[in-house]
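As structure tokens, the structure follows; a few thoughts come after it.
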Amino acid sequence: MSEQLYEVTLLVNGVHRSATVPARRLLSDFLRHDLELTGTHVGCEHGVCGACTVLVGGRPIRSCLQFAVTVDGEEVTTVEGCTRPDGELGPVQQAFRDCHGLQCGFCTPGFVTTITAYLHENPEPTADEAREAIAGNLCRCTGYQNIVASVLRAAQLRTGSTEAAAEAAP
Amino acid sequence: MTTSMLGEPIARREDPRLLTGQGRYLDDIGHRALAAAFVRSPHAHARIVDVDVTEALDVDGLVAIYTHDDLEGRVGEPLPLLIPHEALTHGRTPYALAKDEVNHVGEAVVMVVATDRYVAEDACERIRVRYDFLPPVVGIEAARDAALLVHDDVPGNVSAHLVQENGDARSAIDAAPNVLELDLAIERSASTPLEGRGVHARWDADDHSLRVYTSTQASTSVRAALAAKLGLPPDRVEVIAPDVGGGFGVKIMHPWPEEVLVPWAAIRLGREVKWTEDRREHFVSATHERGQLQHVRVGFDDEGRLLGLDVTVWHDNGAYTPYGIIVPIITTTQLLGPYKPGAYRAEFFSLYTNTVTVTPYRGAGRPQGCFAMERTMDAIAEHLGVDRTVVRERNFIQPDEMPFDHGLTFQDGRPLIYDSGDYPATLEKIKKLVGWDDFAAFRSEARAAGRRVGIGIGCYVEGTGVGPYEGGFVKVETDGTVVVATGLTTQGQGHQTVFAQVVAAELGVPIERVAVTTGDTRRFGYAVGTFASRAAVMSGNAIAIAARKVRDKALRVAGEALEADARDLEIVDGTVRVVGSPPGAPGTSIPLATVAVLANPLRYAFDREAERATQFGGPVDVSKPPVAEGDSPGLEETGYYSPPRSTFANGMHAAIVETDPDTAEISILRYCVVHDCGTLINPRIVEGQIHGGVAQGVGGALYERMVYDDAGQLLNASFMDFLMPYSTEVPVVETDHQQTPSPLNPLGIKGAGEAGVIPVSAVIASAVSDAEGFAVTRMPISPSDLHELRLRHSSEGGPAR
Numbered sequence: 001m002s003e004q005l006y007e008v009t010l011l012v013n014g015v016h017r018s019a020t021v022p023a024r025r026l027l028s029d030f031l032r033h034d035l036e037l038t039g040t041h042v043g044c045e046h047g048v049c050g051a052c053t054v055l056v057g058g059r060p061i062r063s064c065l066q067f068a069v070t071v072d073g074e075e076v077t078t079v080e081g082c083t084r085p086d087g088e089l090g091p092v093q094q095a096f097r098d099c100h101g102l103q104c105g106f107c108t109p110g111f112v113t114t115i116t117a118y119l120h121e122n123p124e125p126t127a128d129e130a131r132e133a134i135a136g137n138l139c140r141c142t143g144y145q146n147i148v149a150s151v152l153r154a155a156q157l158r159t160g161s162t163e164a165a166a167e168a169a170p
Numbered sequence: 001m002t003t004s005m006l007g008e009p010i011a012r013r014e015d016p017r018l019l020t021g022q023g024r025y026l027d028d029i030g031h032r033a034l035a036a037a038f039v040r041s042p043h044a045h046a047r048i049v050d051v052d053v054t055e056a057l058d059v060d061g062l063v064a065i066y067t068h069d070d071l072e073g074r075v076g077e078p079l080p081l082l083i084p085h086e087a088l089t090h091g092r093t094p095y096a097l098a099k100d101e102v103n104h105v106g107e108a109v110v111m112v113v114a115t116d117r118y119v120a121e122d123a124c125e126r127i128r129v130r131y132d133f134l135p136p137v138v139g140i141e142a143a144r145d146a147a148l149l150v151h152d153d154v155p156g157n158v159s160a161h162l163v164q165e166n167g168d169a170r171s172a173i174d175a176a177p178n179v180l181e182l183d184l185a186i187e188r189s190a191s192t193p194l195e196g197r198g199v200h201a202r203w204d205a206d207d208h209s210l211r212v213y214t215s216t217q218a219s220t221s222v223r224a225a226l227a228a229k230l231g232l233p234p235d236r237v238e239v240i241a242p243d244v245g246g247g248f249g250v251k252i253m254h255p256w257p258e259e260v261l262v263p264w265a266a267i268r269l270g271r272e273v274k275w276t277e278d279r280r281e282h283f284v285s286a287t288h289e290r291g292q293l294q295h296v297r298v299g300f301d302d303e304g305r306l307l308g309l310d311v312t313v314w315h316d317n318g319a320y321t322p323y324g325i326i327v328p329i330i331t332t333t334q335l336l337g338p339y340k341p342g343a344y345r346a347e348f349f350s351l352y353t354n355t356v357t358v359t360p361y362r363g364a365g366r367p368q369g370c371f372a373m374e375r376t377m378d379a380i381a382e383h384l385g386v387d388r389t390v391v392r393e394r395n396f397i398q399p400d401e402m403p404f405d406h407g408l409t410f411q412d413g414r415p416l417i418y419d420s421g422d423y424p425a426t427l428e429k430i431k432k433l434v435g436w437d438d439f440a441a442f443r444s445e446a447r448a449a450g451r452r453v454g455i456g457i458g459c460y461v462e463g464t465g466v467g468p469y470e471g472g473f474v475k476v477e478t479d480g481t482v483v484v485a486t487g488l489t490t491q492g493q494g495h496q497t498v499f500a501q502v503v504a505a506e507l508g509v510p511i512e513r514v515a516v517t518t519g520d521t522r523r524f525g526y527a528v529g530t531f532a533s534r535a536a537v538m539s540g541n542a543i544a545i546a547a548r549k550v551r552d553k554a555l556r557v558a559g560e561a562l563e564a565d566a567r568d569l570e571i572v573d574g575t576v577r578v579v580g581s582p583p584g585a586p587g588t589s590i591p592l593a594t595v596a597v598l599a600n601p602l603r604y605a606f607d608r609e610a611e612r613a614t615q616f617g618g619p620v621d622v623s624k625p626p627v628a629e630g631d632s633p634g635l636e637e638t639g640y641y642s643p644p645r646s647t648f649a650n651g652m653h654a655a656i657v658e659t660d661p662d663t664a665e666i667s668i669l670r671y672c673v674v675h676d677c678g679t680l681i682n683p684r685i686v687e688g689q690i691h692g693g694v695a696q697g698v699g700g701a702l703y704e705r706m707v708y709d710d711a712g713q714l715l716n717a718s719f720m721d722f723l724m725p726y727s728t729e730v731p732v733v734e735t736d737h738q739q740t741p742s743p744l745n746p747l748g749i750k751g752a753g754e755a756g757v758i759p760v761s762a763v764i765a766s767a768v769s770d771a772e773g774f775a776v777t778r779m780p781i782s783p784s785d786l787h788e789l790r791l792r793h794s795s796e797g798g799p800a801r
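Protein sequence lines correspond, in order, to chains A and B.
Numbered per full-length UniProt numbering, the first sequence spans residues 1 to 170.
Numbered per full-length UniProt numbering, the second sequence spans residues 1 to 801.
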């Protein structure tokens, strides 16, 4: 009893990537084991912890609750794609470093993608909004205090870089 | 660029890698490995009658199925009992795969290996195991009653019974003017790291060597255990802890059944094999902690000073005792906190139940001990009508009484002697931070607005940095980079930063040049592990000792090259120079990289720099051997730190809570921490440890419990139902530091990893009791628990505040 296979092609972090997988292959496993993009982590396999969060078409989704075939052709952003174009830390990543927003780092990719999408919609959150923004992701190390600070810091860095970019523009 | 890095809150050096998805956790390794999955017992207590694999054999991609019958030699014997103790008279450990009997839901019965995890689980589903049910023992009361037994040959379900006594506590209590008795309970919780366990093994048949990656807190000990189990010479076994996604104690347990079986299967199959634990597996087949019942009897004078303290603990050790009785030993010794107990007697019974095995979870028995002592302090204060902080202060060990000998034996088998600490100063700081003396006004204000608030306090002393030892290796490469290795492992504590800070400070090199490796037996073979808040103390000091030796040698070699006395030299920014010489003055300085070249007399040059160390490369004293007697080539040293006994950190927490008069919801309005872990290497990392510890403490105080039904089924084995706090449940933690250096080690440091979690249940219980006007004696406390308590107390006619 061999399984029927499907070719799945995604635009992952700006690059077309494809693999042939069974229909039941989870997007998280597809990214991690077929494309070997292991930045996306799996913490619970039931959509509660948020570690596996990736952006599909810019919107955060739990990749452990999605079959890869169902997002065929979509644009996907993982934590690897949250860097600046030159490969340096992106604003959310830099903010986590500045604020000691991570310890073991296992939940971090899900926070980085979630916050990236959140700040896109709400670029200037208050501290309370920042705390609410991350309230769907579990972290066992940090007690969240420094992650809340990271959200606020990332908002600053984004605004700064937007301003810098505007200034640099002709 | 400063080189005095010690004490600086520098950003972590591991972060860029982890933030960009370049970390390498267990399941990130071995994409082409075969996958293992396990058939686990669905029953808490049963005999295995038959295992039928027929239906599974048709699964496309199946590679192998193993039951206990397949496990030859020592692999088929029970797993080791890691920490034997004479009081552990009835220790029992599981088999790697259950033989004849299962003792908890989740115990591994069959191992399946297949081309991937999906297929392996397909096969597992098709394997039929027939069981004869046995009645399970669930809960401490049932274990203590012993109407039913977990193990037929363990009478009373008692694995261990231990009494420690200093003075005649019972007589002292009988003679005391005031006597109180308390019955207390703490429920089960678990470490619950975001990354579960996992093992990847690769057998090299040509080299006859085994490489194992495992998500562990003790890679060297896993190596020793695997070599013994698999009958391999230890030097043919490499064990590496890759990036580990949190441990919090659970990953100090080893070797797990899977940790033995995956390498065993890899050798047998000649293929890479990997097992990555899923979340349900973690709930039912890793380990838990915390569950205890306690009885306290205390005698005290009219000032509240302890005259005698008699504590009995019934500790739930679950189905097996692979980690010995460390947890209840810690509970009964660390219970004493910052206080002089008068005469003290502690007795514990460690009891088997048909539930997941218990091994240390961050705090490791201390939260329960702290809960017992702090509830007792509050009870004394209530009895005498004295402020809770005053009763505590009257019982403190004073700074001039240090070192203070409790006359007991600690978890390391050594005397329980506190090395240093200034408890009255810590109390002053926490009272100021939380505004203890102003709380009455706040309460009145809140009460006028129809709100119910309370304040609580909890004090702890934590023995950290337990032995026996750790080691450190420091080597200056010929390009000037400094490679550092220590055997213990890292699970997020920032070791690549703090150990680099130690080396940068001790050696006088820029921190950017220092690279630290942990938990890799290829790089450092002797180690104990990461637990008991010991990594910074043990490996930090070992690495400092190694760095000082390297520095001495560098100065000696540089002195010969510069024709200067080593005592006149210093290392600044990676350059050895004559003290006080003007920068750049010829013949007064030499880069450490060059010193590293000169420290290794060469026959063959590999680059221009190396030419200086070859036999015709420069003037040498030909009357002496190139490597002096007792010396060794290279600029590298190994150092070990082995303390006479543990060093004792301390701290005090205070919280203000609000309880909803209608819904009984408990909100933490403020949470304050003052802690003393001696000299700080990196205050930012220490604060992070405190924040995380408090969050786990809040989980344990208000939300987390392992809910077993009478049949021994864990009803909440998922993140949907086991309520780990999200950001919206964890308060902002306000911190202040007290620094009392340890006199026991060169850096003066004490451990900080567990401190945050220890007193939280005690503090919240204290605050909720204060808000409600009755004593909370069981934790965690949910809104419905509090509601029940209110009903009971109002029916007893007690006053509500």
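Glycine included, every Cβ here is placed at the ideal spot set by N, Cα and C.
Since we're looking at a predicted model, the values are computed, not measured.
Contact list for the segment 2–15 of chain A against chain B, Cβ threshold 9 Å:
Listed by position along the chain: S2 and E3.
For the candidate residues B:E611, B:S642, B:A771 and B:L569, whose alpha-carbon lies nearest to that of G467 of chain B?
With distances taken between CA atoms, G467 of chain B lies nearest to B:S642 out of B:E611, B:S642, B:A771 and B:L569.
Are F96 of chain A and L19 of chain B close, meaning C-beta to C-beta below 8 Å?
Yes, the Cβ-Cβ distance between F96 of chain A and L19 of chain B is below 8 Å.
Quick one: is D631 of chain B near chain A, going by C-beta distance under 8 Å?
No, D631 of chain B lies away from the interface with chain A (no Cβ there is under 8 Å from its Cβ).
Sequence ranges, alpha helix (DSSP H) only - wholly within the segment 136–211 of chain B, length at least 4
Segments of the alpha helix (DSSP H) lying fully in the segment 136–211 of chain B: 140–145 and 169–174.
So which residues of chain B does A51 of chain A contact, with C-beta pairs closer than 7 Å?
Those within 7 Å of A51 of chain A in chain B are L194.
Taking the alpha carbon of V79 of chain A as the reference point, which residue from A:N13, A:N146, A:A154 and A:T159 has its own alpha carbon closest?
Put simply, of A:N13, A:N146, A:A154 and A:T159 the residue whose alpha carbon is nearest the alpha carbon of V79 of chain A is A:N13.
Please decide whether I61 of chain A counts as near chain B, where near means a Cβ-Cβ distance under 8 Å.
No, because no Cβ of chain B sits closer than 8 Å to the Cβ of I61 of chain A.
P170 of chain A at chain B interface by Cβ criterion, 8 Å:
Confidence at P170 of chain A is low in this model, with a pLDDT of 49, below 50, so the placement of that residue should be treated as unreliable; the coordinate-derived value is given next. No, because no Cβ of chain B sits closer than 8 Å to the Cβ of P170 of chain A.
Under 6 Å Cβ to Cβ from Q294 of chain B, same chain only, skipping five residues before and after it: list those, please.
Result list for Q294 of chain B: L184, V313 and A372, in chain order.
Take A800 of chain B and list the residues in its own chain whose beta-carbon comes closer than 6 Å to its own, dropping the five residues that flank it on each side.
Its pLDDT being 48, under 50, A800 of chain B is placed unreliably by the model, and the measurement read from it follows with that caveat. Closer than 6 Å at the Cβ level, and outside the excluded window around A800 of chain B, lie G773.
Using the rule of at least 16 other Cβ atoms within 10 Å of the residue's Cβ for burial, across every protein chain shown, is A441 of chain B buried or exposed?
With fewer than 16 Cβ atoms within 10 Å of its Cβ, A441 of chain B is classed as exposed.
Using a C-beta cutoff of 8 Å, does Y460 of chain B count as contacting chain A?
It does not; no Cβ of chain A falls within 8 Å.
Closer than 8 Å to chain A by CB, Q491 of chain B
Using beta-carbon distances, Q491 of chain B counts as an interface residue toward chain A, with a partner under 8 Å.
Chain A within 8 Å of D15 of chain B, Cβ atoms only
D15 of chain B counts as touching chain A.
Kindly say whether Y213 of chain B, judged by its beta-carbon, lies nearer than 8 Å to any beta-carbon of chain A.
With 8 Å as the cut-off, Y213 of chain B does not count as an interface residue toward chain A.
Would you say N682 of chain B touches the ligand MG, meaning its beta carbon is less than 7 Å from a heavy atom?
In terms of ligand content, the structure shown is empty, and the ligand MG therefore cannot be addressed.
Only counting the same chain, and skipping five residues up and downstream in sequence, which positions put a Cβ closer than 8 Å to that of D422 of chain B?
Taking D422 of chain B as the centre and dropping the five residues before and after it, the same chain places the C-beta of P399, D676, Q738 and T740 closer than 8 Å to its C-beta, in chain order.
Using the beta-carbon count (16 or more within 10 Å), is S623 of chain B buried or exposed?
Looking at its Cβ environment, which holds fewer than 16 other Cβ atoms inside 10 Å, S623 of chain B is exposed.
Looking at chain B, is there any beta carbon in it that lies within less than 8 Å of the beta carbon of V56 of chain A?
Taking Cβ atoms only, chain B never reaches closer than 8 Å to V56 of chain A, which makes this a no.
If you run the structure through DSSP and keep just helix, strand and coil, what is K340 of chain B?
If DSSP states are grouped into helix, strand and coil, K340 of chain B belongs with coil.
Can the beta-carbon of F404 of chain B be found closer than 8 Å to that of G463 of chain B?
For F404 of chain B and G463 of chain B, no; Cβs fall outside 8 Å.
Is Q103 of chain A close to chain B? Criterion is C-beta to C-beta, closer than 8 Å.
For Q103 of chain A, the answer is yes, since a Cβ of chain B falls inside 8 Å of its Cβ.
Which residues in chain B sit within 8 Å of L89 of chain A, going by Cβ to Cβ distance?
Per Cβ cutoff of 8 Å: P16, L19 and T20.
According to DSSP, which residues form a beta bridge with W275 of chain B?
According to DSSP, W275 of chain B bridges with B:V199.
Going by beta carbon distance, what residues of the same chain come within less than 8 Å of D301 of chain B, once the five residues before and after it are set aside?
Result list for D301 of chain B: A176, P177, N178 and L307, in chain order.
Say whether the segment 428–437 of chain B touches the segment 724–738 of chain B, bearing in mind that this needs 3 or more beta-carbon pairs closer than 8 Å, one atom from each stretch.
With a cut-off of 8 Å, the segment 724–738 of chain B and the segment 428–437 of chain B count as touching, because enough Cβ pairs lie within range.
Less than 8 Å between the CB atoms is what I'm expecting for C82 of chain A and F719 of chain B, so what's the real figure, rounded?
Their Cβ separation, rounded to whole angstroms, is 24 Å, which puts C82 of chain A and F719 of chain B out of contact at 8 Å.
Let's see if you can read the secondary structure: which residues bound the beta strand (DSSP E) around H787 of chain B?
Segment P783 to S795 is the alpha helix (DSSP H) holding H787 of chain B; no beta strand (DSSP E) there.
What did DSSP end up calling M5 of chain B once you bin it into helix, strand or coil?
Three-state DSSP puts M5 of chain B in coil, outside helix and strand.
Check whether the Cβ of Y144 of chain A lies closer than 8 Å to any Cβ atom in chain C.
Given the protein chain composition of this structure (A and B), no chain C is represented.
8 Å contact criterion, which A364 of chain B and Q164 of chain B should meet: CB distance rounded:
That belief does not hold up - the Cβ atoms of A364 of chain B and Q164 of chain B are roughly 17 Å apart, past 8 Å.
Per DSSP, the bridge partner or partners of F439 of chain B:
The bridge partners DSSP lists for F439 of chain B come to none.
Tell me the DSSP bridge mates of P22 of chain A?
Note: P22 of chain A sits in a beta bridge opposite A:L5.
G748 of chain B and G678 of chain B look like a contact to me (Cβ under 8 Å); what is the Cβ gap, rounded to whole Å?
Between G678 of chain B and G748 of chain B the Cβ distance is about 5 Å, and since that is below 8 Å, they are a contact.
Around the Cβ of E563 of chain B, are there at least 16 other Cβ atoms within 10 angstroms (buried) or fewer (exposed)?
E563 of chain B is exposed by the Cβ-count criterion.
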